[in-house]
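Down below is the structure, laid out as structure tokens.
Encoded structure:
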């Protein structure tokens, strides 16, 4: 793809390189020739850094929704789709609509375009196939953002992002009772021995407290009691999603998602935040708890059994 040098107002000289994060795990649909992105707009961030080298984190999921799902809205994009779709293209192309903010960064004929199509060239990586691999992958790159160029049609602006892979971090989904191979009820000793996840006690004592592993993603910790895992907790900042595709900071229609099977509790009385909503897969044994603020955004998540009804298991 040719690089144009006159399609964008250049950033000010001396502008520092910025880190970017692009989540392709959700709201992405397969369009046969490219992927359509329907999440939070990223075009302004990429265009504002055209011609620069940046630190870029891309999160991917190994299943991309069917194209037919795109006929509705992004809320319908879930894990039913084409497994390992990212492997179908050596250089994935992800397209999104151009917003007013990103259009202001374009000049000439490019300013009339309706969509931006980004080609990821070089070290793009995605979750490996196989049932025993984590469904999500956080890939950290050093990336060079190209200059906007003419796309396949007058209504499309093309942009090439050249990637150099730095490191990868597999991300499991939080399920009722487990995060990856670590599950509620597991003795701390067996977690260390069988899953090779070294746990460090960060509060409490050797028989009851809170632990965390340096191998876990940010925001994940475990409460333990009688030297067994009692609850797995996710707090900000975290990129972990539940197996029902819910993450921190979102405000999804939880009751619709769980078909009304949520039990709501309030720590400070009706109508007062925070609200805690629990979904029981097996009552008292396996469940997911969501903590919501006054705007109904998720500020914490937990997986566990009876300990979901407690604030601290060491009382």
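In our numbering, the protein residues as written are -12 to 302.
Built from N, CA and C at the ideal position, the CB exists for glycine as well.
Tell me whether residue 266 sits in a helix, a strand or coil according to DSSP, three-state version.
Of the three classes helix, strand and coil, the one that applies to residue 266 here is strand, per DSSP.
Residues near residue 22 in its chain [Cβ-Cβ closer than 6 angstroms; skip 5 each side]:
Result list for residue 22: 15, 81, in chain order.
Can the beta-carbon of residue 33 be found less than 8 angstroms from the beta-carbon of residue 150?
Taking 8 angstroms as the Cβ cut-off, residue 33 and residue 150 do not qualify as a contacting pair.
Please state if the CB of residue 264 and the CB of residue 250 are separated by a distance shorter than 8 angstroms.
Closer than 8 angstroms, so yes.
Do the segment 24 to 31 and the segment 124 to 134 touch if we need at least three Cβ pairs shorter than 8 angstroms?
Judged by Cβ distances under 8 angstroms, the segment 24 to 31 makes no contact with the segment 124 to 134, as fewer than three pairs qualify.
Rounded to whole angstroms, how far is the Cβ of residue 287 from the Cβ of residue 221, which I believe are closer than 8 angstroms?
Between residue 221 and residue 287 the Cβ distance is about 7 angstroms, and since that is below 8 angstroms, they are a contact.
Whole-angstrom distance between residue 278 and residue 284, CA atom to CA atom
One C-alpha to the other measures close to 8 angstroms.
Are the beta-carbon atoms of residue 6 and residue 132 separated by less than 8 angstroms?
Not a contact, by the Cβ cut-off of 8 angstroms.
Secondary structure, alpha helix (DSSP H): runs of 4+ residues fully inside the segment 84 to 136:
Taking only runs of at least 4 residues, the alpha helix (DSSP H) segments lying wholly in the segment 84 to 136 are 87 to 90.
Is DSSP giving residue 29 helix, strand or coil here?
The answer is coil: DSSP assigns residue 29 none of H, G, I, E or B.
Range covered by the beta strand (DSSP E) that runs through residue 145
Judged by DSSP secondary structure, residue 145 falls within the beta strand (DSSP E) whose first and last residues are 143 to 158.
Residues that DSSP places opposite residue 289 in a beta bridge
DSSP lists 220, 276 as the bridge partner or partners of residue 289.
Within its chain, find whatever has a CB closer than 7 angstroms to the CB of residue 166; leave out the 5 residues flanking it on each side and keep chain order.
Cβ neighbours of residue 166 beyond the five flanking positions: 159, 207, 219, 290.
When the Cα of residue 109 is compared with those of 130, 20, 267, which residue comes out closest?
That would be 130, whose Cα lies nearest to the Cα of residue 109.
Within the same chain, show all residues whose beta-carbon is closer than 8 angstroms to that of residue 187, passing over the 5 residues directly before and after it, in chain order.
Counting only Cβ-Cβ distances below 8 angstroms, and skipping sequence neighbours, we find 198, 199, 200, 201.
In chain order, what residues of the same chain lie with their CB nearer than 8 angstroms to the CB of residue 180, ignoring the 5 residues before and after it?
In its chain, beyond the 5 residues on either side, no residue has a beta carbon closer than 8 angstroms to the beta carbon of residue 180.
Using the C-alpha atoms, what's the distance from residue 99 back to residue 161?
Computed Cα separation, rounded: 43 angstroms.
Contact defined as beta carbons within less than 8 angstroms: I believe residue 116 pairs with residue 183. What is the distance between those atoms, to the nearest angstrom?
22 angstroms between Cβ atoms; not a contact.
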